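So the sequence shown is residues 0 to 410, counted in numbering that gives the first Met the number 0. Heads up, the thing below is written out as structure tokens.
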Amino acid sequence: MKIHEFQAKSVLRNHGVPVPPGKDAQTVDDAIAAANELGGGFWVVKSQIHAGGRGLGRFKEHSTDAELEAAGAGHPTDGYGGVQLCRSIEDVQAASSKILGNTLVTKQTGPEGKRVKTVYVEGGADIQRELYLAVLLDRSENKVMLMGAAEGGTSIEDLAHDSPEAIKKVWVDPTVGLMPFQARQLAFELGMSKTEVKYATKFLIKLYNCYVKMDCSMLEVNPLVVQGDSSLIALDCKMTFDDNALYRHKDVLEMRDLDEEDAAEVEAGKHGLSFIKLDGDVGCLVNGAGLAMATMDIIKLKGSEPANFLDVGGGATESAVTAAFEIITRDKNVKSILVNIFGGIMRCDVIANGIIAAIKNVGLEVPLVVRLAGTNAEKGKAILAASGVNVIAASTLDEAATAAVNAARGQ
């Protein structure tokens, strides 16, 4: 689960991690009031969406097609982007007026962009240097990894691609936690002075502790700013959480913004389904995450692309299977559907009944390939055969994938 920058900074603040003062606003009047409350003569007005590259983004309402294409590719554009520097209250009013309610296109939103409902008005910082820092899980090492770079900001992806040696890493044994010497090691590798290292050590330990206590899956600070007095401050922050641990964090669940999530994924979650929308044309309905991954792999091997990851799980009910099928069929990019079930705990007759119920509700406009094996497989096949539904039956996964890809191509 993702949260907005202003929410992430409130979490950091609660764990003692230094962040600039700021307030969220949903209206222009609120933004002006926030700037007046913060005081000073310099503010930053930031679009709050679940996507990176906001500063290089472009608003649809004020842009040409060429400018939107440039913004979507992550290239700087003139005019109003998603992060605006303001040196007067009038600037705050103008920036929030052009940001709120408009659709921001960045390299991470896709061409459709995301509508901005909230801005974050933040006070200025004494920026001497910008760095990059992230805390995440390295599954290959079974450890938490702190990753940093001496250059932060909007082009960190390009730096990682062009100069991977510039990315410095430290691995932390979760049974021990981040040790001070490890924090100092990373700080020195990022080119910090002795005075800056003292601040960095405290900053990194607090950041790591926040990551662990909040069950984060990723915590990114970009840029991490070194100020004039050598202290460190998180100027921007992205935070995602392990969904499996959210039951321990009711306060985090309250921060969830469903408007920022894919509607199909939200609906699937209500039915206990694991669903992720992708960009292909072969819809997948599978039981078990491993089998779902294998199904996606073989679709790619056959020369097409999966339209989704969908695991109905081992204990799905007929209503859940019906919901899964309906979600897939709503995707206009889907040209064929592959149902691949290996019945263990999941019974194949339940899948068959769910498919039939869904087809009665929403119809079937694309070819349907079904491979059933395991518990009640023959019963499931008999149910489908007796239903009159036009099904392409397959005995093996290879056969099923070939049929689904050919059907998507109209062959």
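Even for Gly, the Cβ is constructed at its ideal location relative to N, Cα and C. Just so it is clear, the structure is predicted and the values come from calculations on it, not from any experiment.
For the pair Leu-257 and Glu-264, the Cα-to-Cα distance works out to about 10 Å.
By a beta-carbon distance limit of 8 Å, Gly-112 contacts Thr-102. Their separation comes to about 4 Å.
As a beta-bridge residue in DSSP terms, Cys-215 pairs with Phe-240. Around the CB of Pro-173, fewer than 16 other CB atoms lie within 10 Å, so the residue is classed as exposed. Within the same chain, and ignoring the five residues on either side of Ile-88 in sequence, the residues whose Cβ sits closer than 8 Å to its Cβ are Ile-31, Ala-34 and Asn-35. In this structure, the beta-carbon distance from Lys-205 to Gly-21 does not fall below 7 Å.
Between Lys-301 and Ala-400, the C-beta gap is smaller than 7 Å, which places the two residues in contact. Rounded to the nearest whole angstrom, the C-alpha separation of Met-238 and Met-217 is 6 Å. The C-beta of Val-175 has fewer than 16 other C-beta atoms within 10 Å across all chains shown, which makes the residue exposed. Sequence-distant Cβ neighbours of Asp-278 in its own chain, meaning closer than 8 Å and more than five residues away, are Glu-304, Ala-306 and Asn-332.
Distances from the alpha-carbon of Val-118 to those of Arg-370, Gln-47 and Leu-252 put Gln-47 closest. In this structure Asn-360 is exposed. Its beta-carbon is surrounded by fewer than 16 other beta-carbon atoms within 10 angstroms. Under the three-state reduction of DSSP, Met-191 is assigned to coil, being neither helix nor strand.
Gly-379: member of the alpha helix (DSSP H) spanning 376-386, first to last residue. The closest CA to that of Ala-24, considering only Gly-56, Ala-94 and Arg-86, is found on Ala-94. Using a Cβ-Cβ distance cut-off of 8 Å, the segment 131-150 and the segment 205-214 are in contact, since at least three pairs of beta carbons, one from each stretch, lie closer than that value. Following the DSSP letters along the chain, one finds Val-361 inside the alpha helix (DSSP H) bounded by residues 347-361.
Residue pairing by DSSP places Tyr-119 opposite Asp-23 and Lys-45 in a beta bridge. Taking all protein chains in view, the Cβ of Trp-170 is surrounded by fewer than 16 other Cβ atoms within 10 Å, so the residue is classified as exposed. Secondary structure at Pro-163: helix, using DSSP grouped into helix, strand and coil.
Exclusion of the five residues before and after Gly-39 leaves Gly-122 and Gly-123 as the residues of its chain whose Cβ lies within less than 8 Å of its Cβ. A straight line joining the alpha-carbon of Gln-6 with that of Phe-341 spans about 42 Å. A straight-line Cα-Cα distance of about 15 Å links Ala-288 and Gly-282.
Residue nearest to Ala-351 within the set Val-338, Gly-54 and Leu-363 is Val-338 (criterion: CA-CA distance). Taken through DSSP and simplified to helix, strand or coil, Pro-179 comes out as helix. For Val-265, the secondary structure class from DSSP, reduced to helix, strand or coil, is helix. In the three-state scheme derived from DSSP, where H, G and I count as helix and E and B as strand, Gln-92 is classed as helix. Between the beta-carbon of Gly-268 and that of Asn-286 there is about 17 Å, and that puts the pair past the 8 Å contact cut. Beta-carbon to beta-carbon, Phe-308 and Gly-353 are separated by about 18 Å, too far to satisfy the 8 Å threshold. For Ala-149, the closest of Lys-167, Glu-260 and Asn-243 by C-alpha to C-alpha distance is Lys-167. Of Glu-140, Tyr-246, Leu-177 and Glu-195, the smallest CA-CA separation from Met-0 is found for Tyr-246.
When the Cα atoms are used, Cys-215 and Met-146 turn out to be separated by approximately 15 Å.
With a contact defined as Cβ atoms closer than 8 Å, Val-369 and Ala-392 qualify at about 6 Å.
Pairing Ser-230 with Thr-194 gives a Cβ-Cβ distance that is not under 7 Å.
Residue range 396-407 is occupied by the alpha helix (DSSP H) that includes Val-404, with no beta strand (DSSP E) assigned at that position. The Cβ atoms of Gly-51 and Val-104 lie no closer than 7 Å to each other.
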